[in-house]
Amino acid sequence: MELFVFGCAALMVVIGAVGVITRKHPVHAALSLVLTLFGVAVLFVAQQAHFLAAVQVIVYAGAIVVLFLFVIMLLGVDRVENLRTEPLAAQRPLAVAVSLGLIGILVAAFATGSGVLHERGAGLKIPDLANESDANTTQLAQSIFSQYVVAFEVTSVLLVVAVVGTVLLARRTKSAVTENSK
Amino acid sequence: MIALDSLLLDEILWAPLLIVLLKVVVVFIVGLLATMLMVWFERKAIAGMQNRIGPNKTGPFGIMQTLADGIKLFFKEDLIPNRSDRFVFALAPFLSFVPAFLAFAIIPLGGDFRDGNGGEVTWFGHVTKVQLADPPVGVLFALAISSIAVYGIMLAGWSSGSKYPLIGSVRASAQMVSYEAALGLSLACVLLLAGTLSTSGIVAAQATITQWNVISTGIVPFIIFLIAATAELNRPPFDLVEAEQELVGGFNTEYSSIRFALFYLAEFMNTVTMSALIVTLFFGGPQPIAIGNFVFDIPLVPNAVEGTFWLLAKVLVFLYIYIWFRATLPRLRYDQLMDLGWKVLIPGGLGWFMLLASQRMARQNEWNIILVTTISVVVMVGCYLLLQAAFTQSTRQRETQGPMF
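If you read the protein sequences in the order shown, they are chains Z and D.
The C-terminal residue of the first sequence carries number 185 in the numbering used here, and the numbering is unbroken.
The C-terminal residue of the second sequence carries number 408 in the numbering used here, and the numbering is unbroken.
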């Protein structure tokens, strides 16, 4: 049963991921991304991380990709892109090199670090679904708001800085406004 | 283990499997029937409010009108516009129809919640709940589903390859994403008091009328939830998505035949589900009305069945309120809609949530309640004044310098 669910979800993730890269239409690529995110959510459920699964769907599928689509539709870039033109020279070979490097790092990390992961996970108790359905949420909240509270707050500050920065960059300056009105 | 129903936690046997299958079928049929009757109820009630007769030809009181309309739509020509994106165009109705049904799965539809019972009933010697699924993340599942429903409307408008549907869908997605925040914040107040995410747990915590979340969270989260839910459903007065006077028909202009019927069905199904969710979260779901130790008991009906009657009665009240909204309130302008969502509901929800959290904290640590309340009220008034100052300043700036974007 678990293997079957894993197989289906993994297939969803891989098909979605391939779709994001190969579909030429931006909207289709974004929809493929949704498929991938759903697959990951199913994998979370299979690992009994129900809270993470729900948040994955709400935040990524429900807000972030909707925002992508929103921008695509508003800017009217919903046409098939011409892939022949290269805005940056040597972009493609560089991309291949970087992705190979990333794969190398990930494989190395998993090969050497699996023992460490087990050690760290030893303190967490595996939720007993029948009796305490909220064990997931409680544990997550406890580690976010006690052990990792500084990292959590710094991340949120970073996000706010990014938002304010974007607003500031997108804002027309006073001189530009007056020039336009002349 | 994937299974969420308590029946499936043991080894899988035929009888429990059949019960779960039966539940799936019953929930699906109840959903369809409820939608059908809701369409009739809305047309009839709104006709009454507008001094008309409404549907009265098909069946007694015109109750079969929806069925007749459905059959008619089935046999109409299925048009696909030339400039549309065919795959997405075909996919969109299902993306709005399927979530509408999925959300119904987590609503406790009945059962005995009295005297600390967890709403469990015994069917054919097996203990189960009168709800299709009781996932540990219950309410978050509903939020996730409602965020998926955005896709249906958004993609429908875009894939039509036409101007007005696109405007309708862009409006819709902006509206639904912004009101989801307010919805989530008012939900957080309920979750804070209930201490659990599971819907049956939330219902079980609301035994007497003073424990109903509408009263115990103070009425504010309920009002925010009701408004945000109406906006989330794209129902009047927030129906800018399909404002007929401005957008021809909104996001579904290019749809015809059964594809249009799916959108139509999803819209009414969502209304029923959202009413049931409001009842579950704020009005005790299948719990009977109880004041102190006195319980309004329906005579001759076993407690396990009585829950369903109570749920039905409470849901009907909210369905009527939604229809009432539609007959009474004029549509908001788009900037008014955004102002209401971002400048009133979200700060209000956030402030009320902090207030409830501080109250809870004070009670747990046995601080001086009056002092805590005074300080929090002062802080909230301060925040409100700051917010108003910011709004005034930005309005003044916009007037003197023109829009900055």
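The beta carbon of each residue, even a glycine, is placed where N, CA and C say it ideally should be.
| query | result |
| --- | --- |
| Local conformation of K79/D per DSSP, three classes | coil |
| Interface flag, T39/Z vs chain D, CB-CB below 8 angstroms | no |
| Minimum length 4: unbroken alpha helix (DSSP H) runs contained in the segment 178-230 of chain D | 202-207 and 216-219 |
| Within 8 angstroms, strictly: CB atoms of L332/D and F100/D | no |
| Where the segment 130-159 of chain D meets chain Z: residues whose CB sits under 7 angstroms from a CB there | P138, P139, V140, L143, F144, L146, A147, S150, I151, V153 and M157 |
| Residues in the segment 56-67 of chain Z having any Cβ partner in chain D nearer than 8 angstroms | A56, A57, V58, V60, I61, A64, G65 and A66 |
| Under 8 angstroms between C-beta atoms of F271/D and T61/D | no |
| For V130/D and G114/D, believed in contact at Cβ under 8 angstroms, the rounded distance | With 8 angstroms as the limit, G114/D and V130/D do not qualify as a contact, their Cβ atoms being about 11 angstroms apart. |
| Three-pair Cβ contact test at 8 angstroms for the segment 305-322 of chain D versus the segment 141-155 of chain D | no |
| Length at least 4, wholly inside the segment 126-183 of chain D: the alpha helix (DSSP H) runs in chain order | 141-162 |
| Of the listed residues T140/Z, T169/Z, Q150/Z and V170/Z, nearest to Q51/Z (C-alpha basis) | T140/Z |
| Proximal chain Z residues relative to L206/D, where beta-carbon distance stays under 8 angstroms | Note on residue identity: the sequence assigns Val, not Leu, to residue 206/D. What V206/D touches in chain Z: nothing, since even the nearest Cβ is about 14 angstroms away. |
| Closer than 8 angstroms to chain Z by CB, L284/D | no |
| Touch test, the segment 14-26 of chain Z against the segment 36-52 of chain Z, Cβ-Cβ under 8 angstroms, three pairs minimum | yes |
| Cβ pair count under 8 angstroms reaching 3, the segment 339-354 of chain D against the segment 224-243 of chain D | yes |
| Closer than 8 angstroms to chain Z by CB, G169/D | A small correction: the amino acid at residue 169/D is Leu; Gly does not occupy that position in the sequence shown. Answer yes: the Cβ-Cβ gap between L169/D and chain Z drops below 8 angstroms somewhere. |
| Three-state class that DSSP yields for V62/Z in the structure shown | helix |
| Simplified DSSP state of A293/D, which is helix, strand or coil | strand |
| Cα-Cα separation between P84/D and S163/D, rounded to whole angstroms | 7 angstroms |
| Minimum Cβ-Cβ distance from V166/Z to chain D less than 8 angstroms | no |
| Min CB distance T158/Z to chain D below 8 angstroms | no |
| Cβ-Cβ distance between R238/D and Y182/D below 8 angstroms | no |
| Identity of the residue in V173/D, Y267/D and Y258/D nearest V244/D by Cα | V173/D |
| Cα-Cα separation between D72/D and L40/D, rounded to whole angstroms | 13 angstroms |
| Cβ pair count under 8 angstroms reaching 3, the segment 292-308 of chain D against the segment 245-257 of chain D | no |
| Beta-carbon neighbours of F235/Z, restricted to chain D and to distances below 7 angstroms | Because chain Z in this structure spans residues 4 to 185, residue 235/Z falls outside the shown range and cannot be described. |
| Residues, ordered as in the chain, of the segment 91-125 of chain D that lie near chain Z by beta-carbon distance below 9 angstroms | V91 and L94 |
| Neighbour list for V173/D in chain Z, Cβ cutoff strictly below 9 angstroms | F73, M76 and L77 |
| Assigned exposure category for V37/Z - 16 Cβ within 10 Å defines buried | buried |
| Three-way DSSP call (helix, strand, coil) for E123/D in this model | strand |
| Of the residues W43/D, G171/D, F31/D and G198/D, the one placed nearest L359/D, counting alpha carbons only | G198/D |
| 9 angstroms Cβ cut-off: residues of chain Z touching V23/D | The contacting residues do not exist; V23/D stays about 15 angstroms from chain Z at best. |
| DSSP state of V251/D mapped onto helix, strand, coil | coil |
| Interface partners of T140/Z on chain D, CB under 7 angstroms | L200 |
| Separation of N216/D from S201/D, as counted between CA atoms | 15 angstroms |
| Any non-hydrogen atom of the ligand MG closer than 7 angstroms to V347/D Cβ | The ligand content of the structure shown is nil, which means the ligand MG is not present either. |
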